[in-house]
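There are 2 protein chains.
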Amino acid sequence: MDRVAVIGASMTEFGQRDAWVRELLAEAGAACLDEAGVDASELEHLYVSNMASGEFEGQTGVPNALAHDLGALGAYTQRVDQTSASGGAGVYAAWQSVASGASDLTMLVGGEKMTHRTTAEATDVIASLTHPVEYKHGVTLPSFAGMTARRYLEKYDAPRESLASVAVKNHANGVDNPHAQFRKEVDEETVLGSPIVADPLRLYDFCPITDGSAALLFCPESVAAEYTDDYTVIAGIGGATDTHVVHERDDPTVMGGVVDAAEIAYEMSGLTAADVDVAELHDMFTILEVLQLEDLGFFEKGEGWKAADEGITARDGDLPVNTSGGLKSKGHPLGASGVAQVYEIHRQLTDNAGERQVSADVGLACNVGGFDNCVTTTILEAAE
Amino acid sequence: MDRVAVIGASMTEFGQRDAWVRELLAEAGAACLDEAGVDASELEHLYVSNMASGEFEGQTGVPNALAHDLGALGAYTQRVDQTSASGGAGVYAAWQSVASGASDLTMLVGGEKMTHRTTAEATDVIASLTHPVEYKHGVTLPSFAGMTARRYLEKYDAPRESLASVAVKNHANGVDNPHAQFRKEVDEETVLGSPIVADPLRLYDFCPITDGSAALLFCPESVAAEYTDDYTVIAGIGGATDTHVVHERDDPTVMGGVVDAAEIAYEMSGLTAADVDVAELHDMFTILEVLQLEDLGFFEKGEGWKAADEGITARDGDLPVNTSGGLKSKGHPLGASGVAQVYEIHRQLTDNAGERQVSADVGLACNVGGFDNCVTTTILEAAE
Chain A
0 MDRVAVIGAS
10 MTEFGQRDAW
20 VRELLAEAGA
30 ACLDEAGVDA
40 SELEHLYVSN
50 MASGEFEGQT
60 GVPNALAHDL
70 GALGAYTQRV
80 DQTSASGGAG
90 VYAAWQSVAS
100 GASDLTMLVG
110 GEKMTHRTTA
120 EATDVIASLT
130 HPVEYKHGVT
140 LPSFAGMTAR
150 RYLEKYDAPR
160 ESLASVAVKN
170 HANGVDNPHA
180 QFRKEVDEET
190 VLGSPIVADP
200 LRLYDFCPIT
210 DGSAALLFCP
220 ESVAAEYTDD
230 YTVIAGIGGA
240 TDTHVVHERD
250 DPTVMGGVVD
260 AAEIAYEMSG
270 LTAADVDVAE
280 LHDMFTILEV
290 LQLEDLGFFE
300 KGEGWKAADE
310 GITARDGDLP
320 VNTSGGLKSK
330 GHPLGASGVA
340 QVYEIHRQLT
350 DNAGERQVSA
360 DVGLACNVGG
370 FDNCVTTTIL
380 EAAE
Chain B
0 MDRVAVIGAS
10 MTEFGQRDAW
20 VRELLAEAGA
30 ACLDEAGVDA
40 SELEHLYVSN
50 MASGEFEGQT
60 GVPNALAHDL
70 GALGAYTQRV
80 DQTSASGGAG
90 VYAAWQSVAS
100 GASDLTMLVG
110 GEKMTHRTTA
120 EATDVIASLT
130 HPVEYKHGVT
140 LPSFAGMTAR
150 RYLEKYDAPR
160 ESLASVAVKN
170 HANGVDNPHA
180 QFRKEVDEET
190 VLGSPIVADP
200 LRLYDFCPIT
210 DGSAALLFCP
220 ESVAAEYTDD
230 YTVIAGIGGA
240 TDTHVVHERD
250 DPTVMGGVVD
260 AAEIAYEMSG
270 LTAADVDVAE
280 LHDMFTILEV
290 LQLEDLGFFE
300 KGEGWKAADE
310 GITARDGDLP
320 VNTSGGLKSK
330 GHPLGASGVA
340 QVYEIHRQLT
350 DNAGERQVSA
360 DVGLACNVGG
370 FDNCVTTTIL
380 EAAE
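Residue numbers (numbering that gives the first Met the number 0), protein chains in the order written: chain A, 0 to 383; chain B, 0 to 383.
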């Protein structure tokens, strides 16, 4: 079967932006088309990954607006929402549109505009994805993260400092990402001395609230070289859910959605964790990067905390993780994040990652919706 | 290529329901699985068509909740939003999931809970899909319908009564649909004497605000017979956009999105309008059924108004349209409507439409988002 190629990628500056989501989407979309030398009128399908433009801005129908703004009149459009994994779900939708033969040229643009709302308001919109009983009891995603971190540290006798080292690493990477929200290093003392948010996690264990957009362009592998030599191929992709009610899980330190989605993606690709050279993981909270390292098969259960601590996942380590700076330093505009993960992997595999460049032929992106409520995993290979 | 089959279909009662959207979705989803004799744990992908659960109810993450409620733990889930065409877009997404090989068993459940909000509030949520400039000037979809109807009646010298005859026909059909919101006949005098909403259109030219859900189950055609003899096959499917700004259209009486989506679906199926035996059209407003009859190729431009007037689209006519009662009488829970259209076609093609049964081997469903902002068209065939 003809595989699906990525022939263009772009992202806007992430951070506090003075623009509505449709403007951010248009900015990323136009840049992506420009990079690939494709005119918007050639697009057959146009997907928008976005969780909550209606709740954040009172604006819906954003895919149709984007088709208008780009000049993609006629292209089929649709919004993909899978909460904080909307971007990864968008990659899956775009992949399906090409793999099914429905479209030979599909663009995905993910984006979210959040910073005009207070942190409390934005957190409340995000918390609306939880089970109503959890929500009524005041549970938010940060509180789940705090409880999970405490359990993990106790169960595996891991030092608190190991979580801080994830933040330190990702902030160091973000310095070299011109699109990142925070381009400054932080040290362990700063992380451990920052205000408590959900004990034992502190402010610097959490990603920020962010505005931004990212875009990817897809076509069948058989015609990718007609557009560019700098393309990558989706070798494997999969998605899966975990329990919607978090307390129903046997072991809260296992992300079952991550395990299941990875199994599908690995099987489809014929690759294993050992083949992966670089990864973008969903470090919405530092503890999540540790759990994903384990549940994706990179580390044994209970050993993932050593990764950043020992430099294994640093840019010059054996398995560079979140070379982009991750959600932690790059920022987390919900609908854009999963798209921006694949943007970073695409840049790495095509040797276009600038100061962040590592040596990699196979990359993996893991995007998490809610607290493992739904997960998508994408494995990319460099063009041969 | 293996085509995609529909092996199960269900819908809840449409109307004013004392249940939240996740309960409605679970009701339709469970009934659909039950009909096909499939256990929820077998589902590989689960799509939810829904425009605005966040805006209407303050609840997001509904696909994950549905996976939980049905016991479909592990199935990949995602929400599909294409405003009032979310249901049709969901059919397209579900089709792609099977056609791409990503899933061998996909369920789509569409639904919306709206009646707990006032008509003004619900209309405002829907109007948020329009261009901001249109929105700021107070344009809503009903007002577009009024202007378009006036232009059509003048341009083609069509009698006002011909629009009323669409409402009369669809209400007559709805009487025999046990799931319909309004199961009562109306006469021309009632329609023409009802309160003006957007001149020349009156209350009975408009569909109601509705709660409800509908579901469909999909698998590859090659294995459909293992589930049931009563399956249908998606012969063609396509989607397209029109201008996002309605006043930019050359001729407001032409639905360009309908024309383009139909062209894709007809080409894929190898069928033409002449092959279609029964159709479900998006009669959110009576004028829209007339325009779609023309832009789908059933009637010459300017002749569509004669269809209901002369009985051609009646249940005993040459081309029965909206045997379900249509959005007009069955109701229009945004995310459910496009799914319920395919439900009706599936029932007709499998000879399970009860009192509404017509003789049909090929059926077509046309679902419209916004005011032709995005359209999906699906053509189904009875199993051979």
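The beta carbon of each residue, even a glycine, is placed where N, CA and C say it ideally should be.
As computed with DSSP, H44 (chain B) is found in a beta bridge with B:Y75, B:T105.
DSSP places L280 (chain A) in no beta strand (DSSP E); its state is neither H nor E. Going by C-alpha positions, T209 (chain A) is about 28 Å away from I311 (chain A). The contact set of V244 (chain A) on chain B, defined by CB atoms closer than 9 Å, consists of H67 in chain order. With a contact defined as Cβ atoms closer than 8 Å, V79 (chain A) and Q347 (chain B) miss out at about 31 Å.
As summarised for the segment 169-220 of chain B, the continuous beta strand (DSSP E) elements at least 3 residues long and confined to that stretch are 195-197, 211-219, given in chain order. Nearest C-alpha to S328 (chain B) among B:Q340, B:D317, B:L318: B:Q340. Using a Cβ-Cβ cut-off of 9 Å, R182 (chain A) does not count as an interface residue toward chain B, since no Cβ of chain B sits closer than that to its own. The C-beta separation of P199 (chain B) from A148 (chain B) comes to about 6 Å, placing the pair in contact by the 8 Å criterion.
Distance check between A66 (chain B) and each of A:E262, A:D241, A:K300 places A:D241 closest, using alpha-carbon atoms only. In the DSSP assignment, E380 (chain A) is bridged to A:V232, A:V361. Listed by position along chain B, the residues whose Cβ is nearer than 8 Å to that of T129 (chain A) are G60. In the structure shown, the three-state DSSP call for A352 (chain A) is coil.
Taking a C-beta distance under 9 Å as the contact criterion, G256 (chain A) and G368 (chain B) do not qualify as a contact pair. Put simply, of B:N169, B:L24, B:F217, B:V20 the residue whose alpha carbon is nearest the alpha carbon of D308 (chain B) is B:N169. Linking P131 (chain A) to D294 (chain A) through their CA atoms gives a straight-line distance of about 27 Å. In the DSSP assignment, S52 (chain A) falls within the alpha helix (DSSP H) that extends over 52-56. Excluding residues up to 5 positions away in sequence, A179, F181, R182, G324, S328, K329 lie with their Cβ nearer than 7 Å to the Cβ of G173 (chain A) in the same chain. By the 16-neighbour rule on beta-carbons within 10 angstroms, E288 (chain B) is buried. Closer than 9 Å to the CB of C218 (chain A) there is not a single CB belonging to chain B. A126 (chain A): not part of any beta strand (DSSP E); member of the alpha helix (DSSP H) spanning 118-126, first to last residue. Of A:A273, A:Q81, A:G100, A:A382, the smallest CA-CA separation from A223 (chain A) is found for A:A382. For Y134 (chain A), the closest C-alpha among the options B:A64, B:A74, B:E22 is that of B:A64. Judged by DSSP in its simplified three-state form, A239 (chain B) adopts strand.
As a beta-bridge residue in DSSP terms, D80 (chain B) pairs with A:R78. Assigned with DSSP and collapsed to three states, N63 (chain A) falls in helix. Considered as a whole, the segment 266-323 of chain B harbours 277-279 as its complete beta strand (DSSP E) runs of no fewer than 3 residues, in chain order. Not flagged as an interface residue toward chain B: H170 (chain A), since no C-beta distance is shorter than 9 Å. Here E56 (chain A) has W19, V20, K112 as same chain residues with Cβ atoms under 7 Å from its own Cβ, once five neighbours each way along the sequence are excluded. DSSP places G87 (chain B) outside any beta strand (DSSP E); the residue lies instead in the alpha helix (DSSP H), whose first and last residues are 85-98. Excluding residues up to 5 positions away in sequence, V245, F370 lie with their Cβ nearer than 6 Å to the Cβ of F143 (chain A) in the same chain.
In the three-state reduction of the DSSP assignment, E12 (chain A) falls in the coil class, being assigned neither a helical nor a strand state. Annotated three-state conformation of A163 (chain B) is helix, per DSSP. Taking the Cα positions, G337 (chain B) is about 19 Å away from R355 (chain B). Per DSSP, E153 (chain A) is one residue of the alpha helix (DSSP H) stretching across 140-154. Distance from L379 (chain A) to A260 (chain A) at the Cβ level is roughly 15 Å; contact not present, criterion being Cβ atoms closer than 8 Å.
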